[in-house]
Amino acid sequence: MVKRTIMVMAAVLWCCGAALSAGKEMKVGFVYVSPVGDAGYSYAHDMGRKFIEGQDGVTTAFVEAVAEGPDAERVILNMARKGYDLVFATSYGYMDPMLKVAQKFPDIVFMHCSGFKTAPNMGNYFGRMYQARYLTGMVAGSMTRSNTLGYVAAFPIPEVIRGINAFTLGARAVNPNADVRVVWTKTWYDPATEKEAAKSLLDTGADVIAQHQDSPGPQEAAQERGVYSIGYNTDMSAFAPKAHLTAAVWNWGPFYKEMTDAVRNGIWKSGAYWYGMDKDIVDISPMADMVPEKVRTRVAAKKAELIAGTFEPFSGELRDQGGTVRIPAGKSMTDAELLGMDWFVEGVIGSTQ
Amino acid sequence: MTWWDMLVPLLAAAVQSGTPILFATLGEIFTERAGVLNLGVEGVMLMGALAGFLTSKWTGSPALGFAVGGLSGAGLSGLHGLVCIGFSGNQVVSGLALTILGTGLADYLGTPFIGQGAPGFDPVPVPGLSEIPAVGSIFFRHDPLVYVSYAIPPLMWLFFRNTRWGLRLRAVGEYPHAAAAAGLNVSAFRWAGVLVGGFLCGAGGAYLSLAYTHLWTSGLSAGRGWIAVALVIFAFWHPGRAVVGAYFFGGVMAFQFRLQATGTHIPSSLLLMLPYALTILVLVFSSWRGRGDQAPAFLGVSVPPGE
Amino acid sequence: MISPFRIVKREAPLAWGACLVISGAVLFALGIGMGMLSLQGKPPLSGMGLLLQGAFGSRWALEDCVGKAVPIYLCSLGVAVAFRLQVWNIGAEGQFALGAVGAAWAVYRFSTLPGWTLIPLMMLVAFAAGAFWGLIPAFLKLRMRANEIIVTLMMNYIAIFFLDYLVYGRWKDPSSFGFPMTPTFPDSAVVGRIGGTNLNWGLLLCIVSGLLVWVFFRHTRLGFELKAGGQSLQAARYARLPYENLVVLVMVLSGGLAGWAGFIEASATLNRLQPSIMVGYGYTAIVVAWLAQLNPLYIGIAAFLLAGLRVGGENLQLELQVPAAFGEILEGLILLSVLAASFFIRYRLAPRRRS
Chain Z
2 MVKRTIMVMA
12 AVLWCCGAAL
22 SAGKEMKVGF
32 VYVSPVGDAG
42 YSYAHDMGRK
52 FIEGQDGVTT
62 AFVEAVAEGP
72 DAERVILNMA
82 RKGYDLVFAT
92 SYGYMDPMLK
102 VAQKFPDIVF
112 MHCSGFKTAP
122 NMGNYFGRMY
132 QARYLTGMVA
142 GSMTRSNTLG
152 YVAAFPIPEV
162 IRGINAFTLG
172 ARAVNPNADV
182 RVVWTKTWYD
192 PATEKEAAKS
202 LLDTGADVIA
212 QHQDSPGPQE
222 AAQERGVYSI
232 GYNTDMSAFA
242 PKAHLTAAVW
252 NWGPFYKEMT
262 DAVRNGIWKS
272 GAYWYGMDKD
282 IVDISPMADM
292 VPEKVRTRVA
302 AKKAELIAGT
312 FEPFSGELRD
322 QGGTVRIPAG
332 KSMTDAELLG
342 MDWFVEGVIG
352 STQ
Chain V
25 MTWWDMLVPL
35 LAAAVQSGTP
45 ILFATLGEIF
55 TERAGVLNLG
65 VEGVMLMGAL
75 AGFLTSKWTG
85 SPALGFAVGG
95 LSGAGLSGLH
105 GLVCIGFSGN
115 QVVSGLALTI
125 LGTGLADYLG
135 TPFIGQGAPG
145 FDPVPVPGLS
155 EIPAVGSIFF
165 RHDPLVYVSY
175 AIPPLMWLFF
185 RNTRWGLRLR
195 AVGEYPHAAA
205 AAGLNVSAFR
215 WAGVLVGGFL
225 CGAGGAYLSL
235 AYTHLWTSGL
245 SAGRGWIAVA
255 LVIFAFWHPG
265 RAVVGAYFFG
275 GVMAFQFRLQ
285 ATGTHIPSSL
295 LLMLPYALTI
305 LVLVFSSWRG
315 RGDQAPAFLG
325 VSVPPGE
Chain H
3 MISPFRIVKR
13 EAPLAWGACL
23 VISGAVLFAL
33 GIGMGMLSLQ
43 GKPPLSGMGL
53 LLQGAFGSRW
63 ALEDCVGKAV
73 PIYLCSLGVA
83 VAFRLQVWNI
93 GAEGQFALGA
103 VGAAWAVYRF
113 STLPGWTLIP
123 LMMLVAFAAG
133 AFWGLIPAFL
143 KLRMRANEII
153 VTLMMNYIAI
163 FFLDYLVYGR
173 WKDPSSFGFP
183 MTPTFPDSAV
193 VGRIGGTNLN
203 WGLLLCIVSG
213 LLVWVFFRHT
223 RLGFELKAGG
233 QSLQAARYAR
243 LPYENLVVLV
253 MVLSGGLAGW
263 AGFIEASATL
273 NRLQPSIMVG
283 YGYTAIVVAW
293 LAQLNPLYIG
303 IAAFLLAGLR
313 VGGENLQLEL
323 QVPAAFGEIL
333 EGLILLSVLA
343 ASFFIRYRLA
353 PRRRS
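Residue numbers (our numbering), protein chains in the order written: chain Z, 2 to 354; chain V, 25 to 331; chain H, 3 to 357.
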């Protein structure tokens, strides 16, 4: 009699346990550095969040426009205290605040984007956007007639500099005479400023405009002048259908799902997750009709090489703006070197400040 | 590309970049001539930008958007009028409050729409005039709102100089007590100054989201409202000089990007300071030459009801 | 239509009643805020509840509010000093930035000094840097008759770009992987926490400065002359110091206090310099100063409340997805309401008598 009761109880408990783990409620929090609707960086992250929202008992929430520093620490702390299971912080400046909170809440998993510090319960992640940039550079280099490409850039931080360099390398791979001129706007999302910056590049003769900005301002400028443009973050062709050739885009959804599943199943490990095109985290948007077949094929082939891992954009010989060899032939840049990139490759005209 | 090749596009950019500043400066001139200081221009421009953007987006008509942008500017300025004229509040602080409120309100209401586009004004070259070498490119290859802005300064000048109402408005700004004694309704004229000025400032903001770009974002005006307030002093409260000031500033903003594009190694942070540093220089120069007392004599002074 | 009331100036402005009027205005503004929430489909009452709970509902939230209130208080004290003379210093934001820059400079230049010399040195340099940034508009106002509102405002932008220039350039931390931030301050340069709480000793600086300014306003002749001089230039003529010196004095004090706020933020809160040190405290300080009628004690209360607004607003974002700008709207509404309500401190409505 007792044995039967125990068996029944065990069975019930086991069923409960199974039910709990299968649809285990997970609260996942996101911290954004800018407003979500900016069709840019935070927007792309938010698309990823929406991808996992509702699946398998996952509820998500976010706080936007959080200043880096103590505000960020408080927001992350707030989420930890409210019992969130997994928190993603999407800007470099959140690194130290997140680390402080992670040390206080060892049972919660923290993931920091674009940084380098880790803890047993904190990892970092990013995407190899430079792979997509390289491909867009190839497109731009093929389509330019004036051999001047314009790049509207936000802030002189490594990821932006890396993107510019990859873009330039891609352009010069198909067109060794192409130059890339860079203008800094010191803003992530300000269409008026970014459009003015794009126009200034157009006035120097650029006929393809690329950007590391979150607004479609530069796209508009390019369309108005009747030249081409490359988008960023999301497909921006709706804003400049006659100009937009392709865009370097983020696709965070699958990655967020992978992390959420890992945490739920208890198999998450701390570390640096720097995924690339092979994991679909970055990509280029469909190419516009203006791009000729020849270019498409070439780019598709290079994309396949990137996915297979047989091609590395930042491999020797690489010279900087001054002509000095930074990476000798036969060597590739390490992840650490890439993460801290603060010099321009040959072919870029502009200052790194 | 030689410097000369870049000069004409730079001047054309100066005109377009200066147009929103021009609208705002003219609006503030109108308000200040009536004796009211409205420091909330920045907030008013942002609300105008949002309202214009949304109207155009929902109705498909940029022209209607422009009008609504102006009206919302007038509406927001109406709050300032209520506090300063109705309740004799401190005009400086009220203007600041308006900036904070306008900025916040525009952000709050507009956040869902960041990243979306709306129908706007595209450049329309003026037939014939746009073919004139240099001058044609600089003045006649812009969007229709720029052409509208060409008409306002002379109209405003005529209004202040030659019309009964214009002279009365000036009187209210210069000698409110005498004007009241002469039977003029000081409050009503001040209200007119605030509302019409607010309309123009809101229109300037709408220009940013309907013509300069076809987008909206928080902080779209980037300090242009404040530059407009400074330019009013530079212009000695005269609509004609406002044009010079506005285009000069548009030019500075456009210039620092072009300088970057030439590949200079001057750090961009320093270049970005240029418009603001120049505003100070221009203000100092204008005030120092002693004609700072061309200001309407009772500018910023509350005239409470019953006094 | 003639209204049944006429407006009569009070013999003396309301004293205690002023508190009631201002509190009423604040509540009115909060009410409008609730209205806005419901317009967007969010529950107004529980929304406000979340705001209050997020701001004051727990010990750590209260500590966060105080932590934020410290720099706001210092900036606001400075603003009040200037406003008292009717010198419209809108430049607290830029003076804050310069103070932070000055403190950082002292750290990197004299990094080997022990804490008990380094921190006072940082304070001295931060004050001087902020004061310098306030002195320039004062000079331009006196010598060139340049409107200080615009000069101080433009200098805010310049100061922020200057901070950017340093942090992206020569002061960038070599180990920060190219990101714009300075090296972390050594422990000797960090203003520490009080006991086991999350508060820092900047609080002490606030209390001391507040007391000094209060005494200055109320019990020194100079303080009185500031108020008189603010109200009429004629009264200023009878002051012991000429008007020019008064202007310089207030701008130096004003800038210096804001500079101290920057010092505290850099040293105690961030432990380094980075662009995101600028979060708009300088502008909130103006709202606070006006709310508090330029009184150092009330500034403390108002600073705490507005810090609470910022802290509580994050809770609203997290729970109700209210946009971040909601706090800013409330600030603007509160200020406008208080401005309008101030009318009733100076005037009252009297029934029109039928003669």
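Don't be surprised by glycine CBs; every beta carbon is placed ideally from N, CA and C. On a predicted model such as this, the values are computed, not experimentally measured, just so you know.
- For PHE281/V, the chain Z residues whose Cβ falls inside 7 Å of its Cβ are VAL184, GLU197, ALA198 and SER201, in order along the chain.
- Neighbours of SER278/H across chain Z, judged by C-beta separation under 7 Å: ALA68, GLU69, GLY70 and GLY94.
- Look at ILE282/Z: its C-beta is not under 8 Å from any C-beta on chain V.
- Going by DSSP, GLY221/V is part of no beta strand (DSSP E) but of the alpha helix (DSSP H) stretching over 210 to 231.
- Taking 8 Å as the cut-off, the beta carbon of TYR229/Z is found closer than this to the beta carbon of ALA223/Z.
- Looking only at ILE124/V, SER112/V, SER96/V and SER161/V, the smallest Cα-Cα distance to LEU31/V is reached by SER161/V.
- In the DSSP assignment, GLY124/Z falls outside any alpha helix (DSSP H) and within the unbroken beta strand (DSSP E) covering 123 to 128.
- Within the stretch 266 to 340 of chain H, the complete alpha helix (DSSP H) runs of at least 4 residues fall at 283 to 293 and 298 to 322.
- Residues of the stretch 204 to 224 of chain Z with a Cβ closer than 9 Å to any Cβ of chain V, in chain order: ASP204, THR205, GLY206, ALA207, ASP215, SER216, PRO217, GLY218, GLU221 and ALA222.
- With respect to GLU150/H, ASN91/H sits close: the two C-beta atoms are nearer than 8 Å.
- LEU74/V sits away from SER80/V, with the two beta carbons spaced by 8 Å or more.
- Taking the CA atoms as reference points, GLY70/Z sits about 38 Å from GLY222/V.
- It is roughly 46 Å from the alpha-carbon of PHE106/Z to the alpha-carbon of ILE210/Z.
- Note: GLY94/V is not bridge-paired with any residue in the DSSP secondary-structure output.
- When CB distances to chain H are screened at a threshold of 8 Å, the residues of the stretch 153 to 175 of chain Z falling below it are PHE156, PRO157, ILE158, PRO159 and ILE162, in chain order.
- Taken through DSSP and simplified to helix, strand or coil, ILE53/Z comes out as helix.
- Excluding its 5 nearest sequence neighbours in each direction, ILE124/V has C-beta neighbours in its own chain below 8 Å: GLY67, listed in chain order.
- Considering only LEU296/V, ALA58/V and PHE111/V, the residue with the shortest C-alpha distance to VAL10/H is PHE111/V.
- In this structure, SER269/H lies away from VAL169/H, with their beta-carbon atoms at least 8 Å apart.
- Per the C-alpha coordinates, the member of GLY275/V, PRO320/V and GLY42/V positioned closest to ARG214/V is PRO320/V.
- For PRO353/H, the nearest beta carbon of chain V is not closer than 8 Å to its own beta carbon.
- For LEU63/V, no beta strand (DSSP E) run applies, since DSSP gives it neither H nor E.
- One alpha carbon belongs to SER311/V, the other to GLY243/V, and they sit about 29 Å apart.
- Per the C-alpha coordinates, the member of LEU341/H, CYS67/H and GLU227/H positioned closest to PRO244/H is GLU227/H.
- The three-state secondary structure of MET183/H, taken from DSSP, is coil.
- Looking only at MET334/Z, VAL29/Z and GLU74/Z, the smallest Cα-Cα distance to PHE63/Z is reached by VAL29/Z.
- PHE111/Z carries a strand assignment under DSSP once its states are collapsed to helix, strand and coil.
- Excluding its 5 nearest sequence neighbours in each direction, VAL68/H has C-beta neighbours in its own chain below 8 Å: LEU201, LEU205, PHE306 and ALA309, listed in chain order.
- If you draw a straight line from the Cα of MET27/Z to the Cα of ASP86/Z, it comes to about 6 Å.
- For THR61/Z, there is no enclosing alpha helix (DSSP H); the enclosing beta strand (DSSP E) covers residues 59 to 64.
- By the criterion of a C-beta distance shorter than 7 Å, ALA203/V is surrounded in its chain by ALA195, VAL196 and VAL210, once the five residues flanking it on both sides are discounted.
- For VAL268/V, the closest Cβ of chain H is not nearer than 8 Å.
- Scanning VAL92/V, ALA91/V, ALA48/V and ALA121/V for the CA closest to the CA of LEU103/V turns up ALA121/V.
- Counting the other CB atoms within 10 Å of its CB gives PHE309/V a total below 16, which places it among the exposed residues.
- Assignment of TRP18/H by DSSP, reduced to helix, strand and coil, places it in the helix class.
- Taking the C-beta atoms as reference points, PHE179/H is found no nearer than 8 Å to GLY218/Z.
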